[in-house]
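Reading through the structure tokens given below for one structure.
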Amino acid sequence: MKKLINDPDAVTREALEGMAVAHGDRVRVSIEPAYVVRADAPIQGKVAIVSGGGAGHEPMHGGFVGPGMLDAACPGAVFTSPTPDQMLEATKAVDGGAGVLHIVKNYTGDVLNFEMAADLAKGDGIDVEAVVINDDVAVEDSLYTAGRRGVGATILAEKLCGAAADQGRSLADVAELCRRVNAEARSMGMALTACTTPQSGEPSFELGDDEMEIGIGIHGEPGRYREKLAPAAAIVERMASVVVEDLPFNSGDRVLAFVNGMGGTPLIELYIVYRDLHRLLAERGITIERNLIGDYITSLEMAGCSITLLRLDDELTSLWDAPVDTLALRWGA
Amino acid sequence: MKKLINDPDAVTREALEGMAVAHGDRVRVSIEPAYVVRADAPIQGKVAIVSGGGAGHEPMHGGFVGPGMLDAACPGAVFTSPTPDQMLEATKAVDGGAGVLHIVKNYTGDVLNFEMAADLAKGDGIDVEAVVINDDVAVEDSLYTAGRRGVGATILAEKLCGAAADQGRSLADVAELCRRVNAEARSMGMALTACTTPQSGEPSFELGDDEMEIGIGIHGEPGRYREKLAPAAAIVERMASVVVEDLPFNSGDRVLAFVNGMGGTPLIELYIVYRDLHRLLAERGITIERNLIGDYITSLEMAGCSITLLRLDDELTSLWDAPVDTLALRWGA
Amino acid sequence: MSPSDTLGHAAVEDWLRRFAADIAANKALLVKLDTAIGDGDHGTNMDRGMRKVLEKLDDLDGGDVGATLKAVGMALVSSVGGAAGPLYGTLFLQMGQSAAGRDSLDLEGWTAALDAGVKGVQARGKAQEGDKTMLDALLPAVEALRSAAGEGAGLAEALERSAGAARAGMEATIPLEARKGRASYLGPRSVGHQDPGATSSHLLLRAAADAARAG
Amino acid sequence: MSPSDTLGHAAVEDWLRRFAADIAANKALLVKLDTAIGDGDHGTNMDRGMRKVLEKLDDLDGGDVGATLKAVGMALVSSVGGAAGPLYGTLFLQMGQSAAGRDSLDLEGWTAALDAGVKGVQARGKAQEGDKTMLDALLPAVEALRSAAGEGAGLAEALERSAGAARAGMEATIPLEARKGRASYLGPRSVGHQDPGATSSHLLLRAAADAARAG
Ligand SMILES: Nc1ncnc2c1ncn2[C@@H]1O[C@H](COP(=O)(O)OP(=O)(O)O)[C@@H](O)[C@H]1O
Ligand SMILES: Nc1ncnc2c1ncn2[C@@H]1O[C@H](COP(=O)(O)OP(=O)(O)O)[C@@H](O)[C@H]1O
Ligand SMILES: [Mg+2]
Ligand SMILES: [Mg+2]
Ligand SMILES: [Mg+2]
Ligand SMILES: [Mg+2]
Numbered sequence: 001m002k003k004l005i006n007d008p009d010a011v012t013r014e015a016l017e018g019m020a021v022a023h024g025d026r027v028r029v030s031i032e033p034a035y036v037v038r039a040d041a042p043i044q045g046k047v048a049i050v051s052g053g054g055a056g057h058e059p060m061h062g063g064f065v066g067p068g069m070l071d072a073a074c075p076g077a078v079f080t081s082p083t084p085d086q087m088l089e090a091t092k093a094v095d096g097g098a099g100v101l102h103i104v105k106n107y108t109g110d111v112l113n114f115e116m117a118a119d120l121a122k123g124d125g126i127d128v129e130a131v132v133i134n135d136d137v138a139v140e141d142s143l144y145t146a147g148r149r150g151v152g153a154t155i156l157a158e159k160l161c162g163a164a165a166d167q168g169r170s171l172a173d174v175a176e177l178c179r180r181v182n183a184e185a186r187s188m189g190m191a192l193t194a195c196t197t198p199q200s201g202e203p204s205f206e207l208g209d210d211e212m213e214i215g216i217g218i219h220g221e222p223g224r225y226r227e228k229l230a231p232a233a234a235i236v237e238r239m240a241s242v243v244v245e246d247l248p249f250n251s252g253d254r255v256l257a258f259v260n261g262m263g264g265t266p267l268i269e270l271y272i273v274y275r276d277l278h279r280l281l282a283e284r285g286i287t288i289e290r291n292l293i294g295d296y297i298t299s300l301e302m303a304g305c306s307i308t309l310l311r312l313d314d315e316l317t318s319l320w321d322a323p324v325d326t327l328a329l330r331w332g333a
Numbered sequence: 001m002k003k004l005i006n007d008p009d010a011v012t013r014e015a016l017e018g019m020a021v022a023h024g025d026r027v028r029v030s031i032e033p034a035y036v037v038r039a040d041a042p043i044q045g046k047v048a049i050v051s052g053g054g055a056g057h058e059p060m061h062g063g064f065v066g067p068g069m070l071d072a073a074c075p076g077a078v079f080t081s082p083t084p085d086q087m088l089e090a091t092k093a094v095d096g097g098a099g100v101l102h103i104v105k106n107y108t109g110d111v112l113n114f115e116m117a118a119d120l121a122k123g124d125g126i127d128v129e130a131v132v133i134n135d136d137v138a139v140e141d142s143l144y145t146a147g148r149r150g151v152g153a154t155i156l157a158e159k160l161c162g163a164a165a166d167q168g169r170s171l172a173d174v175a176e177l178c179r180r181v182n183a184e185a186r187s188m189g190m191a192l193t194a195c196t197t198p199q200s201g202e203p204s205f206e207l208g209d210d211e212m213e214i215g216i217g218i219h220g221e222p223g224r225y226r227e228k229l230a231p232a233a234a235i236v237e238r239m240a241s242v243v244v245e246d247l248p249f250n251s252g253d254r255v256l257a258f259v260n261g262m263g264g265t266p267l268i269e270l271y272i273v274y275r276d277l278h279r280l281l282a283e284r285g286i287t288i289e290r291n292l293i294g295d296y297i298t299s300l301e302m303a304g305c306s307i308t309l310l311r312l313d314d315e316l317t318s319l320w321d322a323p324v325d326t327l328a329l330r331w332g333a
Numbered sequence: 001m002s003p004s005d006t007l008g009h010a011a012v013e014d015w016l017r018r019f020a021a022d023i024a025a026n027k028a029l030l031v032k033l034d035t036a037i038g039d040g041d042h043g044t045n046m047d048r049g050m051r052k053v054l055e056k057l058d059d060l061d062g063g064d065v066g067a068t069l070k071a072v073g074m075a076l077v078s079s080v081g082g083a084a085g086p087l088y089g090t091l092f093l094q095m096g097q098s099a100a101g102r103d104s105l106d107l108e109g110w111t112a113a114l115d116a117g118v119k120g121v122q123a124r125g126k127a128q129e130g131d132k133t134m135l136d137a138l139l140p141a142v143e144a145l146r147s148a149a150g151e152g153a154g155l156a157e158a159l160e161r162s163a164g165a166a167r168a169g170m171e172a173t174i175p176l177e178a179r180k181g182r183a184s185y186l187g188p189r190s191v192g193h194q195d196p197g198a199t200s201s202h203l204l205l206r207a208a209a210d211a212a213r214a215g
Numbered sequence: 001m002s003p004s005d006t007l008g009h010a011a012v013e014d015w016l017r018r019f020a021a022d023i024a025a026n027k028a029l030l031v032k033l034d035t036a037i038g039d040g041d042h043g044t045n046m047d048r049g050m051r052k053v054l055e056k057l058d059d060l061d062g063g064d065v066g067a068t069l070k071a072v073g074m075a076l077v078s079s080v081g082g083a084a085g086p087l088y089g090t091l092f093l094q095m096g097q098s099a100a101g102r103d104s105l106d107l108e109g110w111t112a113a114l115d116a117g118v119k120g121v122q123a124r125g126k127a128q129e130g131d132k133t134m135l136d137a138l139l140p141a142v143e144a145l146r147s148a149a150g151e152g153a154g155l156a157e158a159l160e161r162s163a164g165a166a167r168a169g170m171e172a173t174i175p176l177e178a179r180k181g182r183a184s185y186l187g188p189r190s191v192g193h194q195d196p197g198a199t200s201s202h203l204l205l206r207a208a209a210d211a212a213r214a215g
């Protein structure tokens, strides 16, 4: 295992310490329990937004804490959902009296821990709503299973809900928006290589030189399918057609197209993916009205990418364009 | 070789096509010859700043084109300096009558091609100054060799000179500032893994599971030294002490600390590196006044990092804080 | 020393310490199993939690088995994270609830406590037997306790049979396709692998049987 | 057909086509050599450039050797990039300058042209013999042409000797520590590897000797 770390068990803590000394002007960092809140929290009268999840997906979520997006983020150990006490403390730290939205990615661990945290926070008199994001079309949607994973749409929901909260909307409104974003977004991911968690020290799966995993999540799990390596255009076709047909996105739709790197893929390749995605959508009469290209929801050093499409309307577009001032997303501020 | 590409010989072109459809509101992209200019170029009366170099270092340089930073960037093939005709066309496209600064990284190819381009542009009546950046302390500084490489300081120079140009300073002034930034900055890099260019298809060097390369550049070259893998704090000590002692940075100095990822290193690790760097500098009485942490000058998917320190004074600090509005660096705008 | 037919507070502590040691010893195995069909953290998650539990046990005073089990549950909830944190946390919290105020557990008390714990896991995780989760070890273990009691077995013997049932349930997860937890994302590719949570649950019941025999 | 003692325009074209073919055939080797002590692009850079040159040659009209060589230099400058682009570009531009208006080159003309080209490379790149660059193949090649002429050798024989000297110079780069170009960053670690630019320069002069023999 080759990593720039000191101690596999201290990765999250030491990175938080780095964040604290680097960005004390923008965020307040608590090490124990571990959470990051915007420096000026709580904002009185504004709905606060809290997210969290295992570490190893950076810049998600800590990089999205700031005006116009998240009020707090709770990181767990690498790929391990954080615990209710972290979420509870973060929730208390950001509550400005208008309630707190928990944006939760649909993984059993995240859902259960956030559930317990919400119960505790409610016990403390804080108004909490939780919305579970489950946009990953690689997984069958079923009542009898853990259901679809939450992936790229999480970031879009965090941005859009952050903007809505800034407009002074109520907790119920912001939560409803979050559900709508989730309902209008679909994602799929693929990997060219595995990743290695500091704790395990071994690659998360073995893959031949001419193979790729299609339908991966963001935790180094093997994908749904193992296939022969293909050119970028074919990979884009393979993923985007499933994404498009699932919602479905139709001719005439305006979308936000999010091409996300899994951590180990050079940016230049993401632009090739975007080029091919743009062509494919154009052929289907779908217009990309906004885009996001880069490493935003990663899986350590995994090489690969994911594609997320969100159907836009004027409201969503204007919420997307609203100012945001975080470490990883910043405009208009 | 596992890459999200269609054709090893078309990587730069297809990525530029992606950039053109993604960011047409911010930049104008020319495919043949290949260059990227800010959408509103030329800015009359402002000194224009042009940089360029091989591709594979993204977001450098295309990601730094925009208000407050570069007016144009010229990408070559992966790791191959662009050609004079590209630089000439870009120079013409951005000249607003106040002259053009070429910021050139010190590699024989970059220097020679920019030299030819400057000669051609001068022949066309454009006032051109070139400043060569050579901040890499891993390489001996000597009149009889190719000298030190240009690495992390390039980005700092581009930002600071962009801000100076925005203030309406003259070409001579901006060039002088660029030389000063170069003189006050030092860098060193290391790799945990090699990288693979699309053209060669093979890793740029072989490295054992317990080895690292110290003193690498940004082109997949082996480093100056091959050493046993070490914890992050020891690696930081190994690199930062050379950087500090080279200038030297002294107790009482205020610096900008730039922790750069080589492309395949998770952001969480860069924050651990920053934590350890912050400690080391604090012990030496050096204050980090500004910082930059992330993948800005990369070497494809190489895992590793570089550390750049720039000695600040009030002028440099306020130029750093000035608004910048590019794809990869954006604040105050 | 012949095995006693109740688990006193010391025996419960012994059980927890054995479990912590077994988790530590099997950390790499649990990581490996979780790497195959999950995200490779089950071993480190459980180990982090059980190390926290050991710290708690060192600070304990009083002999209330229920209070101890609750403290264990709280420690797990606030240190394990992932799916296993709330699930094992709930198991212990519910066991503690069931055993509240008791200074020892006989077979009936132990069975009632474990049953309450397992019901808590079911309520929280909404999984059923055959979904390829820890429940596939836990549910047969409760069943085995009941039938052992019906056949008049002593405490140690009953816990031995419950550990055996947990082992069989754990092994029976191998051919299953996962329907809950992270492994469900793999669909058919989850077949052929033993569930990590069922494996740690077997360790839990194996440690209980060992504590009962020693106690 | 016995070799002629001048290189006419057709022979010059033949030389350039042979060089393009040799570069294409040795692309992987040049990449490998450049990977060891540089950035692994010398083969693709030169191949991209020589493919552009071939396009240019197809469009040529007129028999001015100097004009052709200049066109080749321009094509290389605007397509190769890296260090090799300006350096090989300059080599051909200066050769073209020296041969301006000539429809053929005799040994003296060829020697003068190559000498001018190599001086151009030196002026641009500021390298000296022994710095482990293409000059380590080029400079001995010019030297060999001169001594062959002094000894009364014919054109083909002189070019053969010049190619031999280039090969020896190329091989002699192996033990050198690089002082120019990317390989210099390696310091002592550059020792033991053959310089890629010297290797392509040997191909250039080998192709010239072959063209002269065939011509
Ligand atoms: N809904 C559920 N009900 C019961 N057990 C579950 C459920 N989901 C997951 N598990 C158990 O949790 C184990 C995984 O735990 P762990 O790896 O620590 O958490 P995570 O999956 O969040 O990484 C699985 O092997 C399975 O036995
Ligand atoms: N200053 C110089 N003078 C002469 N030749 C040089 C000089 N610098 C580099 N070279 C030659 O250029 C070759 C490398 O070319 P290439 O790989 O195409 O460019 P780059 O080094 O920019 O990637 C080296 O092997 C060397 O022979
Ligand atoms: Mg996990
Ligand atoms: Mg190169
Ligand atoms: Mg797990
Ligand atoms: Mg090269």
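Protein chains in written order, with the numbering used here: chain A, 1 to 333; chain B, 1 to 333; chain C, 1 to 215; chain D, 1 to 215. Backbone N, C-alpha and C fix where the C-beta goes; we use that ideal spot for every residue, glycine too. These numbers were taken from a predicted model, which means no experiment stands behind them.
Asked: Contact criterion: CB-CB distance below 8 Å. Does His-61/A meet it with respect to chain C?; Found: no
Asked: Taking C-alpha atoms, which residue in Asp-47/C, Met-134/C, Arg-102/C and Leu-107/C lies nearest to Lys-119/C?; Found: Met-134/C
Asked: Measure from the alpha carbon of Tyr-107/B to the alpha carbon of each residue in Lys-122/B, Ala-93/B, Asn-134/B and Ser-200/B, then state which is nearest.; Found: Asn-134/B
Asked: On the CB-based measure, 16 or more other CB atoms within 10 Å of its CB, does Gly-162/B come out buried or exposed?; Found: buried
Asked: Please state whether DSSP places Asp-314/A in a helix, a strand or coil.; Found: helix
Asked: Ser-251/A: buried (16+ other C-beta within 10 angstroms of its C-beta) or exposed?; Found: exposed
Asked: Closer than 7 Å, Cβ to any Cβ of chain A: which residues of the stretch 166-195 of chain C, in chain order?; Found: Arg-179, Lys-180, Gly-181, Arg-182, Ser-184, Tyr-185, Leu-186, Gly-187 and Arg-189
Asked: For Ala-345/B, which of Arg-238/B, Ala-175/B and Val-104/B has the nearest alpha-carbon?; Found: No answer is possible for residue 345/B: it lies beyond the span of chain B, which begins at 1 and ends at 333.
Asked: Is any non-hydrogen atom of ligand 6 found closer than 7 Å to the C-beta of Gly-125/B, if you look at the structure I gave you?; Found: no
Asked: What residue from Gly-45/A, Leu-247/A and Ala-72/A has the CA that sits closest to Lys-159/A's CA?; Found: Ala-72/A
Asked: Give me the residue from Glu-32/B, Ile-307/B and Ile-216/B with the minimum Cα distance to Pro-335/B.; Found: Because chain B in this structure spans residues 1 to 333, residue 335/B falls outside the shown range and cannot be described.
Asked: Answer with buried or exposed for Ile-268/A, where buried requires no fewer than 16 other C-beta atoms within 10 angstroms of its C-beta.; Found: buried
Asked: Hey, out of Ala-183/C, Gly-49/C, Gly-62/C and Ala-84/C, whose CA is closest to Ala-75/C's CA?; Found: Gly-49/C
Asked: Are the beta-carbon atoms belonging to Met-60/A and Tyr-296/A less than 8 Å from one another?; Found: yes
Asked: Which residue comes first and which comes last in the beta strand (DSSP E) that contains Glu-129/C?; Found: Counting along the chain, Glu-129/C falls outside any beta strand (DSSP E), and DSSP gives it neither H nor E.
Asked: Classify Leu-256/A as helix, strand or coil using the three-state DSSP reduction.; Found: strand
Asked: Grouping DSSP H, G and I as helix and E and B as strand, with all else coil, what is Met-95/D?; Found: helix
Asked: Just checking: is the beta-carbon of Asn-45/C within a distance shorter than 8 Å of some beta-carbon in chain A?; Found: yes
Asked: Got a sec? Which residues, its chain only, sit under 7 Å from Ala-165/A by beta carbon, not counting five neighbours each side?; Found: Lys-46, Val-47, Ile-49 and Val-174
Asked: Using the C-alpha atoms, what's the distance from Val-137/B back to Asp-131/D?; Found: 21 Å
Asked: So within the stretch 175-244 of chain B, which uninterrupted beta strand (DSSP E) runs reach at least 3 residues, ignoring any that extend past its ends?; Found: 185-191, 211-214 and 225-228
Asked: How should Asn-25/A be labelled, buried or exposed, when 16 other C-beta atoms within 10 angstroms of its C-beta is the threshold for buried?; Found: Looking at the sequence shown, residue 25/A is not Asn but Asp. Classification of Asp-25/A: exposed, given that the 10 Å Cβ count is below 16.
Asked: Any C-beta of chain D sitting closer than 8 Å to the C-beta of Leu-112/B?; Found: yes
Asked: What does Met-19/A touch in chain B if you count any residue whose Cβ is under 7 Å from its own?; Found: Tyr-271
Asked: So that I know if they touch, is there some Cβ in chain A lying closer than 8 Å to that of Ala-20/C?; Found: no
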